[in-house]
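A quick write-up on the structure given underneath.
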Amino acid sequence: MKWDHIIRGGTLVTPQNMFEADVYIKDGKIAAISKEPLEGEAAEVTDAKGRYVLPGLMDTHIHSRDPGPTYKEDFSTSTMAAAAGGITTVFEMPNTKRTINNVENFHAQVENLSAKAHVDFGLWAICLGKLNLDKLQSLNEAGVIGFKFFWGYAINSKTYELAYNYTPGMPDVIPPLHDGEVYLMFEEVAKTGKIFAIHAENNDLIQSLTEKVLASGRRDYEALLEGRPPLAETVTVSTGIHFARATGARLHILHVSAGGSVDVIEQAQREGLPITAETCPQYLFLSNEDFERIGPMMKIYPPIKYRADQERIWKGLQDGVLSIICSDHAPHTLEEKNGDLWEIPAGMVGVETMVPMLLNAVSEGRLTLQQVVALCSENPAKQYGIYPQKGSLAVGTDADFTIVDMGKRVVIKRENLHSRSQNSGFDGVEVTGYPVGTIVRGHTVMKDGEIVSGPIGQVVLSPAK
Ligand code: DOR
Ligand code: ZN
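Laid out in structure tokens, this is it:
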């Protein structure tokens, strides 16, 4: 037997090309891509006739709560959800109970997650200001994907969960850092050469505007948006750009939700600064107008904003200002979500629905499949230093594939999701186009919607420069 696995008859898609060919896999790597049949038997053959074969799609922003509040999710359920949704690599965010603030915790987390991973994974490190400035270089050398900072947020000092509804004086929290301390972090992260990714929201503005709107007695979604307006994101993005220009940090803006943020990011990119940005399906496909239909499941931070923001984000995507789409998968139970809008935690699940929602946008003519491959595979792999091992179809690289059937119609139902929590904003949406195969380093993990393999996922390290 010569090959471990052959994917036969599909149409391969890269950002540059689309062509019919067979893929030959050996020892977890792409061994050959050929339009003519090659000799030799295979242990496994996947029939991809009539389907598209994409380089494995990635989700660079998920929160699996492991270790921590695993009643919401753990890494086994989140990576099964990922595989079911056509994702071959995830990057896990560091606001877990064993937060990734030093190298010991990094190694312990790799061990914890490796035992449960159904897809490959990278790890983000957390920036906690003075508390771990001196740990960043060793985290870089250990292979973290990048450094995450929750700008404007208080974090629980014991569980490292976000304080979703922070008020000054709250016990057991690391309060939001002031800008001077943030600047020192920019300087330190710049020295590593890795990405400094910020959740950008201005806490001072949010505190004052929230007080004002609550004093008027309103507690509806429009009031929430007045307390956390687009400006609250954009001012922090602007400050971040100034800090990046001054320090040389490779700034990345997480989950862009405001049109004004796209404007200032575009300006910075025109200036030649190495600034990148992502957005998520919830900001592309939902706006405040959907709250009446969806309700509290729609509460996420930064909040889903107005139609004008949504339109500017789409334009930013088409113009290349935003170069990554990811889910910001944030599980909370339905009980937790079905309460008072101001008290409930923020976040919605998304790792399983991201690719279906994007494929549906392809069916509607709003994106192309090649753009989806760029936004969810090639661009993130390059940005985070793991290309071409991930994000390419080059011979010799990891045999990760997402196989899609553009004719398959599915109604997304929260009870069918593989996550432990079902707080989806896309319940009831009918999509055309769905992932039907997820292959990680040659292993078939998902076939026709079923998880067919154990936890074969491995850590992906981003090498220090
Ligand atoms: O809505 C959110 N939930 N936004 C975040 O940035 C974090 C996330 C969570 O961890 O629940
Ligand atoms: Zn997040």
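Under the UniProt record's numbering, residues 1 to 465 are what the sequence shown spells out, in order. Cβ coordinates follow ideal geometry from the N, Cα and C atoms, glycine included. Small disclaimer: the values here were computed from a predicted structure and weren't measured.
Measure the C-alpha to C-alpha separation of TRP3 and THR159 and round it to an integer number of angstroms. Indexing the sequence shown from 1 puts residue 3 at position 3. Indexing the sequence shown from 1 puts residue 159 at position 159. Each residue's alpha carbon lies about 47 Å from the other.
What runs of the alpha helix (DSSP H), each 4 residues or longer, lie entirely inside the stretch 102 to 157? Runs found: 103 to 114, 136 to 142.
Helix, strand or coil at PHE426 according to DSSP, with G and I counted as helix: Sequence index remark: in the sequence shown, residue 426 carries index 426 (1-based). Reduced to three states, the DSSP call for PHE426 is coil.
Assuming GLU278 contacts LEU251 under a Cβ cut-off of 8 Å, what Cβ separation, rounded to an integer in Å, is found between them? Position 278 of the sequence shown, counted from the first residue, corresponds to residue 278. Position 251 of the sequence shown, counted from the first residue, corresponds to residue 251. GLU278 to LEU251, Cβ: 12 Å. No contact.
Any idea which residues DSSP pairs SER34 with across the strands? Residue numbering aside, residue 34 sits at position 34 when the sequence shown is read from its first letter. DSSP output for SER34 lists ASP22 as bridge partner(s).
Please look up how many angstroms separate the CB atoms of THR60 and TYR384, rounded, as I've assumed it's under 8 Å. On the sequence shown, position 60 is the one that residue 60 refers to. On the sequence shown, position 384 is the one that residue 384 refers to. Going by Cβ atoms, the distance from THR60 to TYR384 rounds to 7 Å, so yes, they are a contact pair.
Secondary structure at TYR301, three-state DSSP: helix, strand or coil? Start at 1 with the first residue of the sequence shown, and residue 301 comes out as number 301. Here TYR301 sits in coil by DSSP.
With a CB to CB cut of under 7 Å and the five nearest residues on each side skipped, what residues in its chain are close to ASN132? As a working note, residue 132 is residue 132 in the sequence shown. Non-local C-beta neighbours of ASN132 in its own chain, meaning closer than 7 Å and more than five positions away in sequence, comprise ASN101, ASN102, ordered along the chain.
Shortest alpha-carbon distance to GLY152 belongs to which of PHE285, GLY180, LYS116, GLU39? Translated into the one-based positions of the sequence shown, residue 152 becomes position 152. With distances taken between CA atoms, GLY152 lies nearest to GLY180 out of PHE285, GLY180, LYS116, GLU39.
MET354 vs SER327 beta-carbon contact at 8 Å: Counting from one through the sequence shown, the residue named residue 354 turns up at place 354. Counting from one through the sequence shown, the residue named residue 327 turns up at place 327. Yes, they are a contact pair.
I'd like to check one pair, LEU417 with VAL460: are the Cβ atoms closer than 8 Å? Position 460 of the sequence shown, counted from the first residue, corresponds to residue 460. Position 417 of the sequence shown, counted from the first residue, corresponds to residue 417. No Cβ-Cβ contact shorter than 8 Å links VAL460 with LEU417.
Complete beta strand (DSSP E) runs within the stretch 355 to 434 (minimum length 3 residues, chain order): Qualifying beta strand (DSSP E) stretches, in chain order: 401 to 411.
If you reduce the DSSP assignment to three classes, tell me which class ARG250 lands in. Locating residue 250 in the sequence shown gives position 250, counting from the first residue. ARG250: strand per DSSP, three-state reduction.
Residues around the ligand ZN, please: the ones whose beta-carbon is closer than 7 Å to some heavy atom of it, in chain order. Every residue whose Cβ sits closer than 7 Å to any heavy atom of the ligand ZN is listed here in chain order: HIS61, HIS63, MET93, HIS199, LEU254, HIS255, ASP328, ALA330.
Could you tell me how far apart the beta carbons of PRO331 and SER421 are, in whole angstroms, since I believe they sit closer than 8 Å? Mapped onto the sequence shown, residue 331 falls at position 331. Mapped onto the sequence shown, residue 421 falls at position 421. The pair is a contact, with the Cβ atoms about 4 Å apart (cut-off 8 Å).
For the alpha helix (DSSP H) that contains LYS315, what are its first and last residues? Reading the sequence shown from its first residue, position 315 is the one you call residue 315. Bounds of the alpha helix (DSSP H) holding LYS315 are 307 to 318.
Can you list, in chain order, the stretches of the alpha helix (DSSP H) that have 4 or more residues and sit fully within the stretch 184 to 266? Counting only runs of 4 or more, we get 203 to 215, 221 to 227, 230 to 247.
Within the same chain, show all residues whose beta-carbon is closer than 7 Å to that of ASP309, passing over the 5 residues directly before and after it, in chain order. Position 309 of the sequence shown, counting from 1, holds the residue named residue 309. Around ASP309, the same chain offers PRO230, SER257, ALA258, GLY259 as residues with beta carbons nearer than 7 Å, after the five sequence neighbours per side are excluded.
From what residue to what residue does the beta strand (DSSP E) around LYS447 run? Here residue 447 corresponds to residue number 447 of the sequence shown, with the count starting at 1. Membership of LYS447 in the beta strand (DSSP E) is indicated by the continuous run 443 to 447.
How big is the Cα-Cα spacing for ILE87 and GLY217? The sequence position of residue 87 within the sequence shown is 87, counting from 1. The sequence position of residue 217 within the sequence shown is 217, counting from 1. Approximately 43 Å between the Cα atoms of the pair.
So, at 8 Å on beta carbons, what are the nonlocal neighbours of ASP172 in its own chain, with the 5 sequence-adjacent residues on each side left out? For this step, residue 172 is matched to residue 172 along the sequence shown. Correct list, in chain order: ASN156, SER157, LYS158.
Cut-off 8 Å between Cβ atoms - residues of its own chain near ASP319, not counting five sequence neighbours on either side: Locating residue 319 in the sequence shown gives position 319, counting from the first residue. For ASP319, where only same-chain residues beyond five positions count, the Cβ hits under 8 Å are GLU266.
Any non-hydrogen atom of the ligand DOR closer than 7 Å to ASN203 Cβ: If you number the sequence shown from 1, residue 203 lands on position 203. The answer is no for ASN203.
Might you give, ordered along the chain, the residues of its own chain that have their beta carbon closer than 6 Å to the beta carbon of PRO388, omitting 5 neighbours on each side? The residue given as residue 388 occupies position 388 in the sequence shown. ALA394, THR397.
Is DSSP giving LYS29 helix, strand or coil here? Taking the first residue of the sequence shown as 1, we reach residue 29 at position 29. Note: LYS29 maps to strand in three-state DSSP.
Rounded straight-line distance, which links the Cα of LEU136 to that of SER186: Locating residue 186 in the sequence shown gives position 186, counting from the first residue. Locating residue 136 in the sequence shown gives position 136, counting from the first residue. Note on identity: in this sequence residue 186 is Phe, with Ser being the wrong assignment. Near 11 Å, if we compare the C-alpha coordinates of LEU136 and PHE186.
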